[in-house]
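Sequence order for the protein chains is A and B.
Residue numbering for the first sequence is 1 to 256, as defined by the numbering used here.
Residue numbering for the second sequence is 257 to 913, as defined by the numbering used here.
Glycine included, every Cβ here is placed at the ideal spot set by N, Cα and C.
Okay, structure first, notes after.
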Amino acid sequence: MSYEAKFKVWRGDDGAGELTDYTVEVNEGEVVLDIIHRLQATQAPDLAVRWNCKAGKCGSCSAEINGMPRLMCMTRMSTFTEDETITVTPIRTFPVIRDLVTDVSFNYEKARQIPSFDPGDVKPGEFRMQQEDVERSQEFRKCIECYLCQNVCHVIRDHEENKPEFAGPRFLMRIAELEMHPADQADRREIAAKDHGLGFCNITKCCTEVCPEHIKITDNALIPMKERVVGRKYDPVVWLGTKLGIVKKGQDTPSA
Amino acid sequence: MTEIERHAYDVVVIGAGGAGLRAAIEARLQGKKTAIISKSLFGKAHTVMAEGGAAAAMGNVNPNDNWQVHFRDTMRGGKFMNSWRMAELHAKEAPERIWELEHWGALFDRTKDGKISQRNFGGHEYPRLAHVGDRTGLELIRTAQQKIVALQQEDHAEHGDYEARLKVWAETTVTRLLKDGDRICGAFAYVRETGKFVVFEAPSVVLATGGIGKAFKVTSNSWEYTGDGHALALLAGATLLNMEFVQFHPTGMVWPPSVKGILVTESVRGDRGVLKNSEGRRFMFDYVPEVFKNQYATTEEEGDRWYDDPDNNKRPPELLPRDEVARAINSEVKAGRGSPHGGVFLTVVDRMPGGAAEIVRRLPSMHHQFKELADVDITKEPMEVGPTCHYVMGGVEVDPDTGAAKVPGLFAAGEVSGGMHGSNRLGGNSLSDLLVFGRRAGLGASEYIDALPERPSVPESEIEAAVAEALAPFEREDGENPYAVHAELQQTMNDLVGIIRKEAELQQAIEALGKLRERVAHVGVTPVAVGDDGRGYHPGWHLSLDLRNMMLVSEAVAKAALERQESRGGHTRDDYPQMSAEWRKVNLVCSLAGDPSSPHVELKRQPMTPMREDLLGLFETDELKKYLTAEELPADVAAEADATAGGAAVDDEEGEQ
């Protein structure tokens, strides 16, 4: 069942690089990451690749395979024909460190700016939440932080200049997750738009399409979040309520 | 001279899985300047692979549960080889640690009355595992990660610097612990991205590096599991406890070959999944050992009733502790009743009241994993599964209360530490172990520093030796390919020190390891073509350095396995199939001896500390007699026992082939 496959793998560092051709053995049931490992073991011991669990649970081995952002460990070789040349390049939105490894520190910086979970006065062990109420945020907490959504989002993929003002789908979803957390007390609606660029998103759903966890990022996180932001600003009932002094407006939580 | 960065911390935590993050959080909460060093990116640790849940006797689902019951289950699972004090602390503190996670934002699945839901698992008497579908480990790691970010945000607000008191050194590997005299004074590391060296000056180091699975060919473990902490501890003069106990998880994927070993969670069995052989028989009923006879169902009907009415029925034998199930599967395959790809069948088809939809809801990751990797729809077809190297019960010998190792300033928590799980770990006890003992190690390290009269300093000679060792693979021009040597080491361990062991094979293994040791010392790599010094993100070089660690732990496992002449938990000797009450009293302790440039593992027998009377009192006399020698039993029981069996060897009825 094995055959020799043709691969083009991007080799180089942040300065320069090129696609290098390899011919490499492929066996039944293998995934692209297996082939990259075989290249390391037999032809290119210094081929840099970031990986960890090889089971689609850690989100380390993100790359672009024939131009599609994917996890290498979850891309089966059987999805390609035997005579197809398979091109593997690093994810494009982040700077290359070497070969297939990129510098994803952008994401860790964004993560730090979002105000953390705020439990209020509830003591540990005293939370009571219903399953249907936790499920909304649970969907977003399936995120394995592979950053494929960040990579594919055109707001930063083709526009380096937007990076300071845009947290990307992963972290806008993190804001949505905290906003929908039944026990969270903070209000991040103001900063979602003001500091983290929710308005940049024009719901092309590219993030949802590439999510290996099949999280409905756009439909379940970003669009409802946009509605909440708008609701906070323009809800006529709330506006009237505050004018009449019946509704007390909550405090906006600043970015951290 | 090679350029070396230096950074000073109070506590350096090596490893960023559940135990490492929890230890770091605690050290930071104690006001200590803390570094977390991780071989991977922040949030990618092996803990994300944990699926089933975290065991904690909260009693949310069955109010009869409490720490005493959990303690008993843990000791039974470990066949009484556990450090009873660790098992006690673990059972008592696990609920607080889970509630604390929730307070940091974790979202566990819920019961109807809004509490944290708890699920059944092998060896646990009551539903006890707090869980989030089958991705509980991810929830734990993400919550701890986000708590660290929250602490960094506090520091940012106070000092204007997120990393003022807590910094994560991602993709950084420690190759040596540094010592000032007999005490720890820091750690030597390289940054994977650049290959640059870093010296961490710190009076205390917490090891939280996880396990050793990558020394075996078929394993559920990720590349990081190269026994780093075990080896670093040995090299620093600390000791390892009971390294012969290696858990082979009964259900790993067996096909396709490239995913062989990847875990199939025990929750599949907790959620009504059953094991069948090629004849369609639920064979686990044939493998209930004597010590567990009273706790497990004898008919399929009773086992099936248990899921809905656990108070009036006994549990199905698919939920026996992992060592029992793994051996049973091994026996079935050997007897020619295996599945086409050399495993057995595990099926949930038609087993859940809610049909296919319920399977997808309860086991989403498994459904996804089999669909994506094996093209198997688990709602329609059975899974093929077989044993895979999963966890090492053995590890750094520590003080149960503080996690302190034998070397002053060195602490260990989580899988890298030994004792807690005895000879076999129960599913679900690992995640709670990480939290309970991660916190205790962070606290222990902080208290150690507070009591320290003066900070140690790092001797230059220690750094020079570490640099030379790290650069050595580049100097060997005709060095062997590290990948080839690694593959052979894995094959050797798999074939000769695997799930079933024999004296002759273990001797053969030790001989083979002796030869491999020479080859490990002669692996070589060439610098990468780009970058300044050719060490930037160089996987071949990384593996060359990791091989030293895998070599040392392999030697420790093989030697301890040869020494222990009984079968117990994660150590099965074909030539000594019985469990021996005399051997139960013996801890096997590994240390390094001989020429420091090429040390070898030395074994010592060390008596087990007798269990406290009040803890002994939690067990029925008849059960104690199965495990303990006559003189270990409480005084009144001992007299009675003398009159009967004498409490010597217990027939474990391994396999019953």
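Check                                                                                                                                                               : Outcome
For B:Leu363, would you say it is in contact with chain A, using Cβ-to-Cβ distances shorter than 7 Å as the test?                                                   : yes
Could you give the DSSP three-state label for B:Gly442: helix, strand or coil?                                                                                      : strand
Since B:Pro512 meets chain A, which of its residues come closer than 8 Å, beta carbon to beta carbon?                                                               : Glu28, Gly29 and Glu30
What does A:Tyr3 reach in chain B if we use C-beta pairs closer than 9 Å?                                                                                           : Within 9 Å Cβ-Cβ: nothing; A:Tyr3 doesn't reach chain B, min ~15 Å.
Where in the region 104–160 of chain A do unbroken runs of the alpha helix (DSSP H), each at least 4 residues long, occur, reported from the N-terminal end onward? : 105–113, 131–141, 148–152 and 154–157
Quick one: what's got a C-beta closer than 8 Å to A:Glu209's C-beta in the same chain, skipping five residues either side?                                          : Val152
From B:Gln402 to A:Phe200, what distance separates their C-alpha atoms?                                                                                             : 25 Å
With DSSP collapsed to three states, give me the class of B:Glu736.                                                                                                 : strand
Less than 7 Å between CB atoms is the rule here; does A:Cys58 satisfy it with respect to chain B?                                                                   : yes
If you scan the region 378–452 of chain B from start to end, which runs of the beta strand (DSSP E) of 3 or more residues do you find wholly inside it?             : 422–425, 428–436 and 439–447
7 Å is my cut-off, CB to CB: does B:Gly276 come that close to chain A?                                                                                              : no
Within a Cβ cutoff of 6 Å, which residues of the same chain sit near B:Arg561, ignoring the five residues on either side of it in sequence?                         : Asn569
Please state the DSSP three-state secondary structure of B:Asp567.                                                                                                  : coil
Mind listing which residues of the region 711–739 of chain B have their C-beta closer than 9 Å to chain A's C-betas, in chain order?                                : Asn737, Pro738 and Tyr739
Cβ of A:Pro254 less than 7 Å from any chain B Cβ?                                                                                                                   : no
First and last residue of the beta strand (DSSP E) that includes B:Tyr647?                                                                                          : Met639 to Val648
Which residues mark the beginning and the end of the beta strand (DSSP E) in which A:Asp21 is found?                                                                : Gly17 to Val26
Under 8 Å between beta-carbons, which chain A residues line up against B:Pro890? List them in chain order, please.                                                  : Under the 8 Å cutoff, chain A gives no residues; its nearest Cβ is about 35 Å from B:Pro890.
Between B:Val461 and B:Met676, what straight-line distance do the alpha-carbon atoms span, to the nearest angstrom?                                                 : 20 Å
Contact criterion: CB-CB distance below 7 Å. Does A:Gly125 meet it with respect to chain B?                                                                         : yes
In whole angstroms, what separates the C-alpha of B:Leu727 from that of B:Ala777?                                                                                   : 12 Å
Which same chain residues end up closer than 6 Å to B:Gly651 when comparing Cβ atoms and leaving out the 5 residues on each side of it in sequence?                 : Val672, Ser673 and Gly674
According to DSSP, is B:Ala291 helix, strand or coil?                                                                                                               : strand
Give me the residue from B:Thr782, B:Leu699 and B:Ala724 with the minimum Cα distance to B:Ala668.                                                                  : B:Leu699
Using a Cβ-Cβ distance cut-off of 7 Å, determine whether B:Val474 contacts chain A.                                                                                 : no
May I ask you to list, following chain order, the residues of the region 541–565 of chain B that have a beta carbon less than 7 Å from some beta carbon of chain A? : none
Given 8 Å as the limit, is there contact between the region 218–232 of chain A and the region 283–300 of chain B, that is, 3 or more CB pairs closer than that?     : no
Would you please verify whether the beta carbon of B:Gly674 is less than 7 Å from any beta carbon of chain A?                                                       : no
Would you kindly check if the distance between the Cβ of B:Met305 and the Cβ of A:Lys57 is under 7 Å?                                                               : yes
Less than 8 Å between C-beta atoms, sequence neighbours within five positions excluded: which residues of the same chain meet that for B:His263?                    : Ala291, Val454, Val455, Phe456 and Glu457
Measuring CB to CB, does A:Glu82 end up less than 7 Å from A:Tyr3?                                                                                                  : yes
Going by DSSP, what residue range makes up the beta strand (DSSP E) through A:Arg70?                                                                                : Met68 to Leu71
In chain B, which residues lie with their C-beta within 9 Å of the C-beta of A:His181?                                                                              : Gly361 and Leu363
Do the region 527–536 of chain B and the region 653–666 of chain B touch if we need at least three Cβ pairs shorter than 8 Å?                                       : no
Taking only the alpha-carbon atoms, compute the straight-line gap between B:Ser853 and B:Ala721 and give it to the nearest angstrom.                                : 10 Å
Can you give me the Cβ contacts of A:Glu213 inside the same chain, cut-off strictly under 8 Å, excluding the 5 residues immediately before and after it?            : Lys142, Cys143 and Ile144
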